Amino acid sequence: MKLILRLIIGAAMLAGLASCASTGGRAPYQSKAYRPTNPQNVVVKISIRNQALYVVEGDKALLVTAAAIGKPETPTPLGNHRILGKEKYRRRRSNPGAGYPMGYWCSFYSPAYGIHAGWVHPVPRSAGCVRLHQNVAPKFFELVRVGTPVIVRNSFPEDRTIGRNLKRPQDYDDPEYPPHILNTNAIFHLYKGRIFESGPAPRIPQS
1 MKLILRLIIG AAMLAGLASC ASTGGRAPYQ SKAYRPTNPQ NVVVKISIRN
51 QALYVVEGDK ALLVTAAAIG KPETPTPLGN HRILGKEKYR RRRSNPGAGY
101 PMGYWCSFYS PAYGIHAGWV HPVPRSAGCV RLHQNVAPKF FELVRVGTPV
151 IVRNSFPEDR TIGRNLKRPQ DYDDPEYPPH ILNTNAIFHL YKGRIFESGP
201 APRIPQS
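As structure tokens, this is what we get:
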């Protein structure tokens, strides 16, 4: 019995070490999301200068999170857009093998541009899409629907309030996931937490 107990404890310790190694000892990146009162009133705002995405419903902040935006040579298109389509298990077919995952894809502007899960670097790095952290993209996917407005501007008043001290992911330089995760549907199920917080969404302070 003691031997079995030691084996169980040892396995748990190894699992804990593996978990820490995968995040470099950091706490996993999180952004809280709140269920909208009326989905028809949900609006997505993407700030280029702040590299941030805000999902709002009137004066309530449903989701505030860091985002990766397009490089200067392939910018994220400014303007007033809408969510055109949603695809949870999307992959980029131009890549060899299974295709690079772009999970929780929500297209806007045109079918070629999407808001999706991916590495969120501290500098503009995408080909025009907007990347959200893998722990945040599933929440965004549930907040929006086809037709939800998406406004992309250089800046928003929210940059000075809810986006002022926005924490950013630190795992953007972590090693790529191994093939048995990257090339299977396991890559789309990495986040195991809850989607929405209980209680009402916080109000956006006046700037």
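So the sequence shown is numbered by UniProt numbering: it starts at 1 and just counts up by one. All residues carry an ideal CB built from backbone N, CA and C; glycine is no exception. Remember, predicted model here, so these are calculated numbers, not experimental data.
Query                                                                                                                                                                       : Result
Grouping DSSP H, G and I as helix and E and B as strand, with all else coil, what is V101?                                                                                  : Reading off the sequence, residue 101 comes out as Pro, not Val. If DSSP states are grouped into helix, strand and coil, P101 belongs with the strands.
Starting from K60, trace the beta strand (DSSP E) in both directions and tell me its first and last residue.                                                                : K60 to A66
Can you check whether the CB of P39 is closer than 8 angstroms to the CB of N135?                                                                                           : no
What does DSSP give as the partner residues of R82 in its beta bridges?                                                                                                     : P149
Using only the alpha-carbon positions, how far apart do S204 and P72 sit?                                                                                                   : A quick correction: the sequence has Ile, not Ser, at residue 204. Looking at the two C-alpha atoms, the distance is approximately 30 angstroms.
Buried or exposed for P179, going by 16 or more other Cβ atoms inside 10 Å?                                                                                                 : exposed
For Y109, count neighbouring C-beta atoms within 10 Å of its own C-beta (all shown protein chains included) and say buried if the count is 16 or more, exposed if not.      : buried
Does the Cβ of R90 have 16 or more other Cβ atoms within 10 Å, making it buried, or fewer, making it exposed?                                                               : buried
Return the chain-ordered list of same chain residues with a C-beta closer than 8 angstroms to the C-beta of G114, the five sequence neighbours on each side being excluded. : R90, M102, W105, C106, S107, F108, C129 and V130
Under a Cβ-count criterion, where at least 16 other Cβ atoms within 10 Å of its own Cβ denotes burial, should P200 be classed as buried or exposed?                         : exposed
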